[in-house]
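One structure is given below, encoded as structure tokens.
Residue numbers (the UniProt record's numbering): 1 to 765.
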């Protein structure tokens, strides 16, 4: 039958919306409304606060002013949330307020909290120091803060002046020039690397110069020019060009660079051509056979099998129940995660996504990105139906507070159920002379909640999946453009291969840290390390072998935080489990969940890199376990990026007090990661098939048996009593709908042929 005819004869039902449900309690995670933000701003500007604030919207706003940078809901403490969810205690509400204090004796940005809300006579403002444990508490000195409006404008104006003065050189050497970001003559682009400070007391930033102007993806169009700028302090008249590196030669000033150019001492490297077609993903090449047909996709033949309370961002699916929260810094977070009405996790949330670069030039060699700094949640995209997510997925919009506004990115989170690609369980037991045949296969399904954020040159896709067997997975993927380097044959590919005419890839490591706050039934849990050890043994039942090697388990309870920074798993011979040793299953085994590394899990390659000293300690071991405290709510912060020596959050300090971890409220900190061995296939865009990392949390004696025996989407073949050799395939009343056309090969009959059982008998449904 022709495809056109097929399309007209198949009567497919209209896609259905997800079923609705109602969360057992209104969400404890609520954004500040526009009215609340306005009331907080009014309260902060009141003379009695004595904050000397300037309106941040004024065009004349200066770096030396005090002004409000950001106001959002202060993430509530776990103790308050559990008291509300489990005991009905009212939730307190507070706001987090970030203030740029440019007029202070020591300028910087400071985090405060304001509350309780709504504004009343009881409302106070205090430094937000209870979960910032760094040397400067909730303050980052000016030179380590964000490049926000006034500062970014001052830096761009300064750099434009310096680069305009050497435009004759850059046009000659590179065929490109920079006159300012908004100047139509500009064909160069730059980015000041992070971190550009060490502790906030100085500001030295490298820029690698790339083709810009009327083109996309400057990251993949590099030149061999690197310039370091001294951009510290609030007085731009003191900024200066500090160093130029070209062709791996150092010039201490623009004058020295000009002298070398005039003398003909610069080695003029090949220029980037005017053709940037290689960075575009327009379809090229002959069409593959049958590629004109639509690719396979996920469908929902009987409608959606999950329920949503969109107002409360609450989801139910096949025994799962949980709340979601959306965070400006990291995006999706999950709370009060229950399976079959028992709590598994209080919180599952990303903490940061970092990238450590290397290279034989200063910009790449000093790049250490912490993407929380840029606001991952604020960088989500509207998802493309049928491509980013299956057709008929459910979409939620991301809503968050940013600056002094409430913002929304439409349809930036998708929810859908999918086949996992295999049965969740299966076995064939052929019949024998004295036993019946038996065959079962149970469908494997999972619910995915997906977000995609574009952070500079990369698009990151995160999937949080909830399986019908009680398993949870987190998958991270990357695509987009590599932060490339100008091709230098003398580098011999040691920092990345040649991937285009004048372009090399750049070696780098991605690490993403996640918080998994397990509350298995209650908050009294333990962390168990199970090693498979090999030892020489002798056994009376094998006297002829003498001494021989045998495996066994060795169990270690991680008893205190001094043992909590854990190594990776070699050869799969270590198992990490969170257990509630006071709660046993039917067989007397402690009920628990296992933490299983998945694809390509790595940590930071360099542990003492000067650009990730204290700021990214969470990424320096594959696993960690600490005792929950409301004062240790996150392993990183948006302000850690540019102060590697003095970050607001130092992760390793969580472990210094060496608290007891046995049957306590414990938190696992786990890393996903991938080494990016750049390749020609990264151009124009990195392939998600390879740039993929994952982790799994799986039941471990959580039940008395495996947790899918209650599923109806299963087929079981049993011998019919009294009818030897005849088999009944039973589908528990679940069959494809009538419109879902099946072929002869899709029949359930005949599957036992050739395995020692006679004919099968049609089933009744």
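Using N, Cα and C, we set each Cβ at its ideal position, and we do this for glycine too.
Residue i and residue j closer than 8 angstroms at C-beta
i, j, result
"residue 615", "residue 654", "no"
"residue 188", "residue 178", "yes"
"residue 683", "residue 499", "yes"
"residue 400", "residue 421", "no"
"residue 304", "residue 16", "yes"
"residue 623", "residue 356", "no"
"residue 143", "residue 203", "yes"
"residue 194", "residue 368", "yes"
"residue 18", "residue 307", "yes"
"residue 445", "residue 419", "yes"
"residue 323", "residue 45", "no"
Whole-Å CB distance - residue i paired with residue j, under 8 angstroms assumed
i, j, result
"residue 640", "residue 370", "6 angstroms"
"residue 100", "residue 89", "Between residue 89 and residue 100 the Cβ distance is about 36 angstroms, and since that is not below 8 angstroms, they are no contact."
"residue 269", "residue 242", "Going by Cβ atoms, the distance from residue 269 to residue 242 rounds to 23 angstroms, so no, they are not a contact pair."
"residue 631", "residue 130", "5 angstroms"
"residue 116", "residue 93", "6 angstroms"
"residue 558", "residue 527", "4 angstroms"
"residue 440", "residue 450", "The Cβ separation is near 31 angstroms, so there is no contact."
heavy atom of the ligand GDP below 7 angstroms from residue i C-beta
i, result
"residue 664", "As for the ligand GDP, it is missing from this structure, which has no ligand bound."
Straight-line Cα distance separating residue j from residue i
i, j, result
"residue 333", "residue 266", "53 angstroms"
"residue 411", "residue 453", "13 angstroms"
"residue 360", "residue 249", "12 angstroms"
"residue 485", "residue 607", "24 angstroms"
"residue 7", "residue 26", "Legend: pLDDT at residue 7 = 44, less than 50; position of this residue unreliable, value from coordinates given subsequently. If you take the alpha carbons of residue 7 and residue 26, they lie about 44 angstroms apart."
"residue 740", "residue 300", "11 angstroms"
"residue 281", "residue 688", "15 angstroms"
"residue 119", "residue 34", "14 angstroms"
"residue 686", "residue 482", "7 angstroms"
"residue 184", "residue 255", "26 angstroms"
"residue 289", "residue 297", "19 angstroms"
"residue 545", "residue 536", "11 angstroms"
"residue 372", "residue 516", "18 angstroms"
"residue 746", "residue 720", "22 angstroms"
"residue 317", "residue 375", "30 angstroms"
"residue 20", "residue 635", "35 angstroms"
"residue 455", "residue 279", "17 angstroms"
"residue 603", "residue 677", "15 angstroms"
"residue 480", "residue 180", "26 angstroms"
"residue 522", "residue 320", "17 angstroms"
"residue 72", "residue 574", "42 angstroms"
"residue 467", "residue 447", "7 angstroms"
"residue 748", "residue 417", "24 angstroms"
"residue 302", "residue 550", "51 angstroms"
"residue 237", "residue 162", "12 angstroms"
"residue 14", "residue 392", "10 angstroms"
"residue 508", "residue 671", "16 angstroms"
"residue 489", "residue 497", "10 angstroms"
Three-state secondary structure (DSSP) of residue i
i, result
"residue 513", "strand"
"residue 473", "strand"
"residue 718", "strand"
"residue 277", "helix"
"residue 261", "helix"
"residue 652", "helix"
"residue 610", "coil"
"residue 230", "strand"
"residue 767", "What is shown of the chain runs 1 to 765, which leaves residue 767 out entirely."
"residue 163", "helix"
"residue 363", "helix"
"residue 210", "strand"
"residue 24", "coil"
"residue 43", "helix"
"residue 750", "coil"
"residue 142", "helix"
In DSSP terms, what residue i is bridged to
i, result
"residue 624", "565 and 669"
"residue 327", "331"
"residue 694", "475"
"residue 417", "447"
"residue 555", "530"
"residue 583", "Looking at the DSSP assignment, residue 583 forms no beta bridge with any residue, so it has no partner."
"residue 68", "99"
"residue 352", "513"
"residue 111", "98"
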